[in-house]
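Following: one structure in structure tokens, then a few remarks.
As structure tokens, then:
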């Protein structure tokens, strides 16, 4: 497809430009317009001009708040009154909890009973109701089904949901407003909500931008899925980047396949190196998953023609007592 | 003095409004216009609306770059050609080193021979010439004198210099542009360069703002100096806030005495608590000295009428291998 063709959405449920614009309007009263930071020393390390979109500074410390706020505030009053539900031990849980509190509706969060206490406390701190379950995917799904059946709450999937994808797309939309002449945007790939929203926003607004997804080599299911044209589940992922261990969804996969230029993978050592460099040089906290795109730059995985690169720093939720460079 | 009187500078060498404006113009091509961040949870902890001016995100990770850039770029070509010199093992050393490199002139930095290696490496990384000396104040001053005599370099004092104070004042000037209706601005007090520049900028531009200085109880020389009307040297300071162990200067003291509403002191435990809260909630790195103003908010040291408070986060240079909450 050439750049001047009007792109068609790859799936009737995939958000279009209007959906992303509407999401931006909808979340504006609640979400931060996060800053874009630059660093001469990171530019020197990366050999390009880098523009870091700081979603670690977003509400709840992650881009996930954009999608959650968009979906929660899209519900009709009747739907919303019964609340929302999801299963998650990560940033989506906190994001959905806060978005629900802001709308004044209940959030039911199914969490594995072995979830870190700090994460449970964070979700509870936003006023959500937590339902614990055994730590298997099957138990999570069954428990969620029961919660939905009993409460009538709306299930909000963490990424395979058009409202979530449109919400995540507002991040790249803002980035393009803040830095108008990027040639490349890179984002981490977990379930694909962020990278598919990013790819759609860039395609609709500035199609010359190459969108590249990055994932850890130890969780390269998206790389293999794109290569072979079918969704591989993420099995036994081995990576410090705990936000990127999930599989692609049936909604995110075709969007990524069509609009993401390629997926590259990075080593664990590069992730830790990138994370520490961002902390030390930019003075901001990022979680391992957020370091993955810059790790790709450090590994020289981008083409030389990528000169002005937007990097989405996806989140900053880390345990300050367990930093990776302090492990013996 | 009433607010509508035109304030007189308390010392003919103290910068006036024009000097601060000129400093802002002079450093604009080199310094970051740092963002102002907010956090609902920190507001809830502090019981007020807090606006954090992020000088930890400034070049070299500290507000010190403003003063250093202003002084270095104020020099005539003849003066500058011989370079600049100072003695410092802290952020001023890095700031002066980078400002000199940007102007293309030599920087001679006298550092105690027991300086942390990471700080030596940072100064050297900016291309400065380092001269080691025994770790006493007297050796530092004598070594610096010799360096100045030999090279003809201009000594740039870290705070008792009108160009430094004017440069530091640009931070509050920006903050007032970014958040027009503050009632209070708080800043840490070490040698007094930041708080005196802050107080002058507020006095000149929006005199209704109360400027409050904060220092650790274990380094309360400025508190005692203001109380008794004479400069007490900082002797045996005991605080984690290593940037605040210095004494007031003959130039900063009268400015603070006239324009800073008061100085409050905080406990060490509050400093660590404030530092960790900013890391966890705002996802940014701040050094202990930068946490001192928020510690004062947490301790309830500000008056209730302070509702919209600007907090200058002075810097973010920390050793990631030695965080205070990891000490056994």
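Protein chains in written order, with my numbering: chain V, 304 to 631; chain U, 304 to 631.
The C-beta atom is built at its ideal place from N, Cα and C for all residues, glycine as well.
Within chain U, the residues that residue i reaches when beta carbons sit closer than 8 angstroms
i: residue 601(V); result: Those do not exist, as residue 601(V) stays about 18 angstroms from chain U at its closest Cβ, beyond 8 angstroms.
i: residue 360(V); result: 340, 585, 586 and 587
Contacts that residue i makes with chain U (C-beta to C-beta distance below 7 angstroms)
i: residue 364(V); result: 586
i: residue 619(V); result: 586
Residue i versus residue j - alpha carbon distance
i: residue 474(V); j: residue 501(V); result: 7 angstroms
i: residue 416(V); j: residue 503(V); result: 36 angstroms
i: residue 380(V); j: residue 582(U); result: 37 angstroms
i: residue 615(V); j: residue 577(V); result: 13 angstroms
i: residue 472(V); j: residue 498(V); result: 8 angstroms
i: residue 345(U); j: residue 595(V); result: 29 angstroms
i: residue 483(V); j: residue 338(V); result: 14 angstroms
i: residue 617(U); j: residue 603(U); result: 21 angstroms
i: residue 376(U); j: residue 565(U); result: 33 angstroms
i: residue 279(V); j: residue 324(V); result: The structure shown does not extend to residue 279(V), since chain V is modelled only from 304 through 631, so no value can be given for it.
i: residue 452(V); j: residue 319(V); result: 31 angstroms
i: residue 397(V); j: residue 342(U); result: 15 angstroms
i: residue 537(V); j: residue 543(V); result: 15 angstroms
i: residue 567(U); j: residue 326(V); result: 45 angstroms
i: residue 490(U); j: residue 562(U); result: 13 angstroms
i: residue 611(V); j: residue 353(V); result: 6 angstroms
i: residue 392(V); j: residue 422(V); result: 7 angstroms
i: residue 552(U); j: residue 534(U); result: 8 angstroms
i: residue 371(V); j: residue 585(U); result: 20 angstroms
i: residue 439(U); j: residue 333(V); result: 53 angstroms
i: residue 493(V); j: residue 414(V); result: 19 angstroms
i: residue 383(U); j: residue 465(U); result: 17 angstroms
i: residue 365(U); j: residue 619(U); result: 6 angstroms
i: residue 434(U); j: residue 529(V); result: 57 angstroms
i: residue 356(V); j: residue 442(U); result: 46 angstroms
i: residue 651(V); j: residue 550(V); result: With chain V covering only 304 through 631, there is no way to say anything about residue 651(V).
i: residue 420(V); j: residue 449(V); result: 24 angstroms
i: residue 641(V); j: residue 527(U); result: Summary: the structure shown does not reach residue 641(V), with chain V confined to residues 304 through 631, and so no result is reported for it.
i: residue 507(V); j: residue 467(U); result: 48 angstroms
i: residue 351(V); j: residue 479(V); result: 17 angstroms
Interface partners of residue i on chain U, CB under 9 angstroms
i: residue 623(V); result: 579, 582, 583, 626, 628 and 629
Buried/exposed call for residue i, threshold 16 Cβ in 10 Å
i: residue 321(V); result: exposed
i: residue 622(U); result: exposed
i: residue 409(U); result: buried
i: residue 532(V); result: exposed
i: residue 361(V); result: buried
i: residue 608(V); result: exposed
i: residue 477(V); result: buried
i: residue 546(V); result: buried
i: residue 329(U); result: buried
i: residue 437(U); result: exposed
i: residue 349(V); result: buried
Residue range of the unbroken beta strand (DSSP E) whose run includes residue i
i: residue 356(V); result: 352-357
i: residue 515(U); result: 513-519
i: residue 611(V); result: 611-616
i: residue 489(U); result: 487-491
i: residue 557(U); result: Looking at the DSSP string, residue 557(U) is not in any beta strand (DSSP E); the run it does join, the alpha helix (DSSP H), is 555-562.
i: residue 388(V); result: 387-390
Extent of the continuous alpha helix (DSSP H) to which residue i belongs
i: residue 454(U); result: 440-454
i: residue 473(U); result: 465-481
i: residue 574(U); result: 571-580
i: residue 395(U); result: 394-406
i: residue 597(V); result: 591-601
i: residue 368(V); result: 367-377
i: residue 323(V); result: 320-330
i: residue 585(U); result: Residue 585(U) -> no alpha helix (DSSP H), and no H or E assigned at all.
i: residue 498(U); result: 496-508
i: residue 525(V); result: 524-531
i: residue 421(V); result: 420-428
i: residue 347(V); result: 343-349
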